[in-house]
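*Asks:* Protein chains in written order, with the working numbering: chain A, 194 to 587; chain B, 1247 to 1405. Handing you a structure now.
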Amino acid sequence: MFDSNNALSTKARNLKPSGIRKFFDLLSGREGVISLTVGQPDFATPWHIRDAGIDSIADGHTFYTSNRGTPELRSEISRYMDRRFGLSYCPENEILVTVGASEAIDLAIRALIDEEDEVIVPVPSFVCYGPLIEMCGGRVIPVETAPKDGFKLTPEALSDAVSEKTKLIILPYPSNPTGAILDREDLAALREVILKTPAVVLSDEIYAELTYGKKHTSIATLPDMKERTIVINGFSKAFAMTGWRLGFSCAPEALTEAMFKIHQYAIMCAPTVSQYAATEALKNGDDDIEIMKAEYDRRRKYLTKALSEIGLPCQCPEGAFYVFMKLSHCGLSSEEFCERLLEEHNVAIVPGTAFGDCGEGYARLSYAYSLDHLKEAVRRMDRFVKSLNYVAFL
Amino acid sequence: MEPILELLQENSIYSTEDMASMLGMDKDEVEDKIARYKEEGILLGGHAIIDYDKLENNHIVALIELKVNPQRGRGFDKIAESIYRYPEVKSLYLMSSSGYDLLVTVEGNSMKEIAYFVARKLAPIEDVVSTSTHFILKKYKSHGLVHRSIPVDERENCN
Ligand SMILES: Cc1ncc(COP(=O)(O)O)c(C=O)c1O
Chain A
194 MFDSNNALST KARNLKPSGI RKFFDLLSGR EGVISLTVGQ PDFATPWHIR
244 DAGIDSIADG HTFYTSNRGT PELRSEISRY MDRRFGLSYC PENEILVTVG
294 ASEAIDLAIR ALIDEEDEVI VPVPSFVCYG PLIEMCGGRV IPVETAPKDG
344 FKLTPEALSD AVSEKTKLII LPYPSNPTGA ILDREDLAAL REVILKTPAV
394 VLSDEIYAEL TYGKKHTSIA TLPDMKERTI VINGFSKAFA MTGWRLGFSC
444 APEALTEAMF KIHQYAIMCA PTVSQYAATE ALKNGDDDIE IMKAEYDRRR
494 KYLTKALSEI GLPCQCPEGA FYVFMKLSHC GLSSEEFCER LLEEHNVAIV
544 PGTAFGDCGE GYARLSYAYS LDHLKEAVRR MDRFVKSLNY VAFL
Chain B
1247 MEPILELLQE NSIYSTEDMA SMLGMDKDEV EDKIARYKEE GILLGGHAII
1297 DYDKLENNHI VALIELKVNP QRGRGFDKIA ESIYRYPEVK SLYLMSSSGY
1347 DLLVTVEGNS MKEIAYFVAR KLAPIEDVVS TSTHFILKKY KSHGLVHRSI
1397 PVDERENCN
């Protein structure tokens, strides 16, 4: 008899289901949940960008584009990277338009990783890096980041983790889930370590536009770094365009060419309508970024203050739209805390362990929600924390 | 604009505590500033924006164009005063239009009620030359807010 399990590749069979998925499954079908779990903007895409997408369809731009992305979009990306981050990339051979930052991450890993190659992944972090590395037979070397360092990757920890087999170093900052960012000084210290290795850096800068107070610095702006860095960014977070599935990579020609080959065979090209919309976003969307960022900033300030007032202090995150909250209550594990909060008070937050074992003792709260929504969540969490304290007191 | 005014303009229901948290300020500081804005006449007040279509009551709004003869020495101000003193008048603007001078917003419980108000109160005012009443049939957007069914959060948990 046909056994579909035998049909699967060892690698696919061994992929663990994502920890975050497991928790999301608990949520489905529940009524009246106040959720702080969603990792995407609550704003709809700004109208002028939507219109550009609609117009492109009306004008009959319904074909594949150039495999790399339309020349116009690539030049706009080139200008954007220069304007916003001081990086200069050639639209012809150093920029690749992809299906979300997600595809760019996959391409970079596939272009670089052979069996047994080691990849440094700071944790807790976004869930996709490890599984994609494993699909290439690479070895994930998780490097724990600590609250005392503000969840930043330190040169010491990096230095301990690298070896002659290190092929790639993932630098996922601004961080989902911790909200940590790396400033120029942090990056300069990491650079010292990186330059002693042959490794390439994959800098996932999808949240680069969402930093509060400090401007984002890309590691590729540091001396001798651009030649070994793949900068990945996209439209999902900065322009509230998650559903359009559009991102891009910027990297030296040789790296881009390798990624391009895989992209060409696997994807052909990113969605045409999205590329037209994204071109408009880059031409006329800088103000939209500022407006949305100002709104996230208010919520960030509100949420961190409100949480500390109910006895759940957290470091004020400097980037992205997440608060990584410490749970120091009654010896509950992160999962227990989150499951009981959901069961007893109908509030959903993601246990820190979904982002790596070292997320134990933490939970991720997204503040991509209206203030009223956040307030109701805090009110319910307050009741939960009080009930825990009361039990502890007895 | 000042951040506190910006927040209030967006939503006058925000408490001073919430505003203080969002702006990273002290509650006292926010209250002091609001008091000052009121004193200086910068902050006139705050209204709730209600979607009356979702309530069962009758709530009619009309825009009324008034053509008037400006008075010697006092321009339009005196006429304006004799119009805005009515509580039914919710707003009054002097316009740059060639067709009329003053635009009045009047609220009432029925079209008839508003029509009577215009006929009995506004039209007879000395120097009002003519009136033209437009009833609002449906509000799509007011005060920057779209009137629509309650939006659902359709975002999926993906990441
Ligand atoms: C750190 C990080 N990188 C990449 C992505 C993927 O973004 P995209 O929608 O561009 O594929 C996400 C999405 O949540 C993310 O959090």
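Every residue, glycine too, gets a C-beta built ideally from N, C-alpha and C. In this text the structure is predicted, and so the values were computed from the model without any measurement.
So, with DSSP's three-state summary, where would you put CYS531 (chain A)?
*Replies:* Numbered from its first residue, the first sequence carries residue 531 (chain A) at position 338. Here CYS531 (chain A) sits in helix by DSSP.
*Asks:* Taking the runs of the beta strand (DSSP E) that are 3 residues or longer, which of them lie wholly in the region 478–521 of chain A?
*Replies:* Runs found: 515–519.
*Asks:* On the three-pair Cβ rule with 8 Å, is the region 1310–1330 of chain B touching the region 1356–1375 of chain B?
*Replies:* The region 1310–1330 of chain B vs the region 1356–1375 of chain B: in contact.
*Asks:* Nearer than 8 Å: is that true of the beta carbon of PHE319 (chain A) relative to any heavy atom of ligand 1?
*Replies:* Your numbering for residue 319 (chain A) matches position 126 in the first sequence. Yes, the Cβ of PHE319 (chain A) comes within 8 Å of a heavy atom of ligand 1.
*Asks:* How would you write the range of the alpha helix (DSSP H) that TYR400 (chain A) sits in, first residue to last?
*Replies:* Here residue 400 (chain A) refers to the residue found at position 207 of the first sequence. Looking at the DSSP string, TYR400 (chain A) is not in any alpha helix (DSSP H), and its letter there is neither H nor E.
*Asks:* Less than 9 Å between CB atoms is the rule here; does LYS407 (chain A) satisfy it with respect to chain B?
*Replies:* Mapped onto the first sequence, residue 407 (chain A) falls at position 214. Not closer than 9 Å to any Cβ of chain B, the Cβ of LYS407 (chain A) fails to qualify, so no.
*Asks:* So is VAL174 (chain A) buried or exposed if we call it buried at 16+ other beta carbons inside 10 Å?
*Replies:* A query on residue 174 (chain A) cannot be resolved here, the shown segment of chain A reaching from 194 to 587 and no further.
*Asks:* Taking C-beta pairs closer than 8 Å, name the residues in chain A that ARG1423 (chain B) reaches, listed in chain order.
*Replies:* With chain B covering 1247 to 1405 only, the question about residue 1423 (chain B) has no answer from this structure.
*Asks:* List the residues of chain A whose Cβ lies closer than 8 Å to the Cβ of SER1267 (chain B), in chain order.
*Replies:* Along the second sequence, one-based indexing puts residue 1267 (chain B) at 21. Within chain A, the residues near SER1267 (chain B) are LYS494, TYR495, LYS498 and ALA499.
*Asks:* What I want to know is whether the C-beta of ILE412 (chain A) ends up closer than 8 Å to one or more non-hydrogen atoms of ligand 1.
*Replies:* Reading the first sequence from its first residue, position 219 is the one you call residue 412 (chain A). For ligand 1, not one heavy atom lies less than 8 Å from the Cβ of ILE412 (chain A).
*Asks:* Is ILE1329 (chain B) closer than 9 Å to LEU1348 (chain B) when the C-beta atoms are compared?
*Replies:* Counting from one through the second sequence, the residue named residue 1348 (chain B) turns up at place 102. Counting from one through the second sequence, the residue named residue 1329 (chain B) turns up at place 83. Cβ atoms of LEU1348 (chain B) and ILE1329 (chain B): closer than 9 Å.
*Asks:* Do ILE412 (chain A) and LEU361 (chain A) have their beta-carbon atoms positioned less than 9 Å apart in this structure?
*Replies:* Here residue 361 (chain A) corresponds to residue number 168 of the first sequence, with the count starting at 1. Here residue 412 (chain A) corresponds to residue number 219 of the first sequence, with the count starting at 1. Going by C-beta atoms, LEU361 (chain A) is not nearer than 9 Å to ILE412 (chain A).
*Asks:* Name, going along the chain, the residues of the region 1262–1289 of chain B whose beta-carbon falls closer than 8 Å to a beta-carbon of chain A.
*Replies:* Residues ASP1264, SER1267, MET1268, LEU1269 and GLY1270.
*Asks:* Does the Cβ of MET461 (chain A) have 16 or more other Cβ atoms within 10 Å, making it buried, or fewer, making it exposed?
*Replies:* For the purposes of this step, residue 461 (chain A) is identified with residue 268 of the first sequence, where counting begins at 1. That one is exposed.
*Asks:* Where the beta carbon is closer than 5 Å to any heavy atom of ligand 1, which residues qualify, in chain order?
*Replies:* This selection yields A:GLY232, A:GLY293, A:ALA294, A:SER295, A:PHE319, A:ASN369, A:ASP397, A:ILE399, A:GLY427, A:SER429, A:GLY440 and B:ASN1405.
*Asks:* Quick check on PHE216 (chain A): does DSSP put it in helix, strand or coil?
*Replies:* Position 23 of the first sequence, counted from the start, is the residue given in the question as residue 216 (chain A). It is helical.
*Asks:* Any idea which residues DSSP pairs TYR1339 (chain B) with across the strands?
*Replies:* By 1-based counting over the second sequence, the position of residue 1339 (chain B) is 93. B:LEU1349.
*Asks:* Does the beta carbon of GLN468 (chain A) come closer than 9 Å to any beta carbon on chain B?
*Replies:* Stepping through the first sequence from its first residue, residue 468 (chain A) is reached at position 275. Judged by the 9 Å Cβ criterion, GLN468 (chain A) is not in contact with chain B.
*Asks:* Taking ASN1303 (chain B) as the query, report the chain A residues whose CB atoms sit under 9 Å from its CB, ordered along the chain.
*Replies:* Along the second sequence, read from residue 1 onward, the residue named residue 1303 (chain B) stands at position 57. Those within 9 Å of ASN1303 (chain B) in chain A number zero; the least Cβ separation is about 25 Å.
*Asks:* Along the region 515–549 of chain A, where does the CB come closer than 8 Å to a CB of chain B? Name the residues.
*Replies:* Answer in chain order: no residues at all.
*Asks:* Using the Cα positions of PHE319 (chain A) and SER368 (chain A), report the straight-line distance between them to the nearest angstrom.
*Replies:* To locate residue 319 (chain A), count along the first sequence from 1; it is residue 126. To locate residue 368 (chain A), count along the first sequence from 1; it is residue 175. Each residue's alpha carbon lies about 8 Å from the other.
*Asks:* Name the DSSP bridge partner or partners of ARG332 (chain A)?
*Replies:* On the first sequence, position 139 is the one that residue 332 (chain A) refers to. According to DSSP, which records beta bridges pairwise, ARG332 (chain A) is partnered with A:GLU311.
*Asks:* Do ALA237 (chain A) and TYR400 (chain A) have their CB atoms nearer than 9 Å?
*Replies:* Working through the first sequence from its first residue, we reach residue 237 (chain A) at position 44. Working through the first sequence from its first residue, we reach residue 400 (chain A) at position 207. Cβ distance not < 9 Å, so ALA237 (chain A) and TYR400 (chain A) don't count as in contact.
*Asks:* With 16 as the cutoff for other CB atoms within 10 Å, does ILE242 (chain A) come out buried or exposed?
*Replies:* Looking up residue 242 (chain A) in the first sequence gives position 49. ILE242 (chain A) is buried by the Cβ-count criterion.
*Asks:* Could you check which residue in B:ASP1274, B:SER1378 and B:LEU1269 has the C-alpha nearest to that of GLU1248 (chain B)?
*Replies:* Counted from its first residue, the second sequence places residue 1248 (chain B) at position 2. For the residues B:ASP1274, B:SER1378 and B:LEU1269, the minimum Cα distance to GLU1248 (chain B) belongs to B:LEU1269.
*Asks:* Can you find a CB in chain A that lies within less than 9 Å of the CB of TYR1260 (chain B)?
*Replies:* As a first step, residue 1260 (chain B) must be located in the second sequence, where it is residue number 14. So, interface residue.
*Asks:* Report buried or exposed for MET452 (chain A), applying the criterion of at least 16 other Cβ atoms within 10 angstroms of its Cβ.
*Replies:* Locating residue 452 (chain A) in the first sequence gives position 259, counting from the first residue. Answer is buried; the Cβ neighbour count reaches 16.
*Asks:* Starting from ALA433 (chain A), trace the beta strand (DSSP E) in both directions and tell me its first and last residue.
*Replies:* Reading the first sequence from its first residue, position 240 is the one you call residue 433 (chain A). Where ALA433 (chain A) is concerned, there is no enclosing beta strand (DSSP E), given that its DSSP letter is neither H nor E.
*Asks:* Within the region 540–574 of chain A, note down every full beta strand (DSSP E) run reaching 3 residues or more, in order along the chain.
*Replies:* With a minimum length of 3 residues, the continuous beta strand (DSSP E) runs that stay inside the region 540–574 of chain A are 555–559.
*Asks:* Hey, SER1344 (chain B) and ALA1294 (chain B): beta-carbon distance below 9 Å or not?
*Replies:* In the second sequence, residue 1344 (chain B) corresponds to position 98, counting from 1. In the second sequence, residue 1294 (chain B) corresponds to position 48, counting from 1. It is not a contact, given that the beta carbons lie outside the stated cut-off.
*Asks:* In chain order, what residues of the same chain lie with their CB nearer than 7 Å to the CB of HIS1393 (chain B), ignoring the 5 residues before and after it?
*Replies:* Locating residue 1393 (chain B) in the second sequence gives position 147, where the first residue counts as 1. For HIS1393 (chain B), where only same-chain residues beyond five positions count, the Cβ hits under 7 Å are ASP1297, ASP1299, LYS1385, TYR1386 and LYS1387.
*Asks:* Select from B:LEU1254, B:VAL1352, B:HIS1389 and B:ARG1320 the residue whose C-alpha is nearest the C-alpha of ARG1331 (chain B).
*Replies:* Residue numbering aside, residue 1331 (chain B) sits at position 85 when the second sequence is read from its first letter. Among B:LEU1254, B:VAL1352, B:HIS1389 and B:ARG1320, the Cα nearest to that of ARG1331 (chain B) belongs to B:VAL1352.
*Asks:* For GLU1400 (chain B), tell me which candidate among A:LEU266, A:ASP307, A:TYR562 and A:THR359 has the shortest Cα-Cα distance.
*Replies:* Position 154 of the second sequence holds residue 1400 (chain B). Out of A:LEU266, A:ASP307, A:TYR562 and A:THR359, A:TYR562 has the C-alpha closest to the C-alpha of GLU1400 (chain B).
*Asks:* Spell out the partners DSSP gives SER228 (chain A) in its beta bridges.
*Replies:* Translated into the one-based positions of the first sequence, residue 228 (chain A) becomes position 35. SER228 (chain A) is bridged to A:ALA541.
*Asks:* List the residues of chain B whose Cβ lies closer than 7 Å to the Cβ of VAL231 (chain A), in chain order.
*Replies:* Here the question's residue 231 (chain A) lines up with position 38 in the first sequence. What VAL231 (chain A) touches in chain B: ARG1401 and ASN1403.
*Asks:* Looking at ILE227 (chain A) and ALA541 (chain A), is the spacing between their C-beta atoms short of 9 Å?
*Replies:* By 1-based counting over the first sequence, the position of residue 541 (chain A) is 348. By 1-based counting over the first sequence, the position of residue 227 (chain A) is 34. Taking 9 Å as the Cβ cut-off, ALA541 (chain A) and ILE227 (chain A) qualify as a contacting pair.
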